[in-house]
Amino acid sequence: MSENLDDAHAGWDEFARQHVALVVAVLLRVVGNPGIAFDLAVETLATLRRRWSERPAEDEQRLIWAFESSHALLAVAVARGVVPCVERTRDQRSEHRTLSIAEQQQIVSLSEQRLDLPSRVHDVVDALARDAPPPRQLSTLRCSPLVNVEPLPDLAWEPDGA
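Every letter in the sequence shown is one number past the one before it in the working numbering, and letter 65, counting from 1, is 61.
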């Protein structure tokens, strides 16, 4: 059974390691809050891990799949007012995480970098930003019970719509 699970998730760790920063950076551009962006990104990756056997063959398509999953997850988060943690708690081994000020600042720094995305991925990221709820709705989102954030000093920073 363990071998079947390993086979089903083969390549997921590498994909997650390679792209977690990109997913967090894009989500921060959309939601404007490092804690919410991190929480959404981690739940997105947990969702992809569970569905990894359905993954597209090429990496570009996998990124599109990741951002489409993020889009759906953001809609659920807005409807509930809190980032879901269903996939992270499914195996009952979920980890609680407190993001330090330094980690949040690193996330902000990542989001300010130029993102080199293939055009098809860029189109999906643009749609994610275009379809995002208004800032007043996003500002009421709460992190899941699995993510806490140290309070940031006041920042004059707003989402730019990826």
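All residues carry an ideal CB built from backbone N, CA and C; glycine is no exception.
It should be emphasised that the depicted structure is a prediction, and the values quoted were computed from it without experimental measurement.
From the DSSP secondary-structure annotation, give me the bridge partner or partners of residue i.
i: Arg138; result: Val78
i: Thr94; result: Asn144
Does the Cβ-Cβ distance between residue i and residue j come in under 8 angstroms?
i: Val145; j: Gly28; result: no
i: Ala125; j: Val26; result: yes
i: Trp8; j: Trp48; result: yes
i: Thr43; j: Leu69; result: yes
i: Pro129; j: Val74; result: yes
i: Leu137; j: Val78; result: yes
i: Leu59; j: Val104; result: no
i: Phe63; j: Val20; result: no
i: Pro114; j: Glu56; result: yes
i: Leu41; j: Ala12; result: yes
With respect to the alpha helix (DSSP H) encompassing residue i, which residues constitute its N-terminal and C-terminal limits?
i: Asp48; result: At residue 48 the sequence reads Trp, which differs from the Asp that was named. From DSSP, Trp48 is part of no alpha helix (DSSP H); its letter is neither H nor E.
i: Ala6; result: Here Ala6 belongs to no alpha helix (DSSP H), and DSSP marks it neither H nor E.
i: Arg126; result: Ser115 to Arg126
Could you check what DSSP says for residue i in three-state terms: helix, strand or coil?
i: Asn0; result: Here Asn0 scores only 49 on pLDDT, less than 50, and its place in the model is too uncertain to base an answer on.
i: Leu59; result: helix
i: Leu111; result: coil
i: Asp35; result: helix
i: Gln14; result: helix
i: Pro129; result: coil
i: Ala68; result: helix
i: Ala21; result: helix
i: Pro30; result: helix
i: Glu99; result: helix
i: Glu83; result: helix
i: Ala53; result: coil
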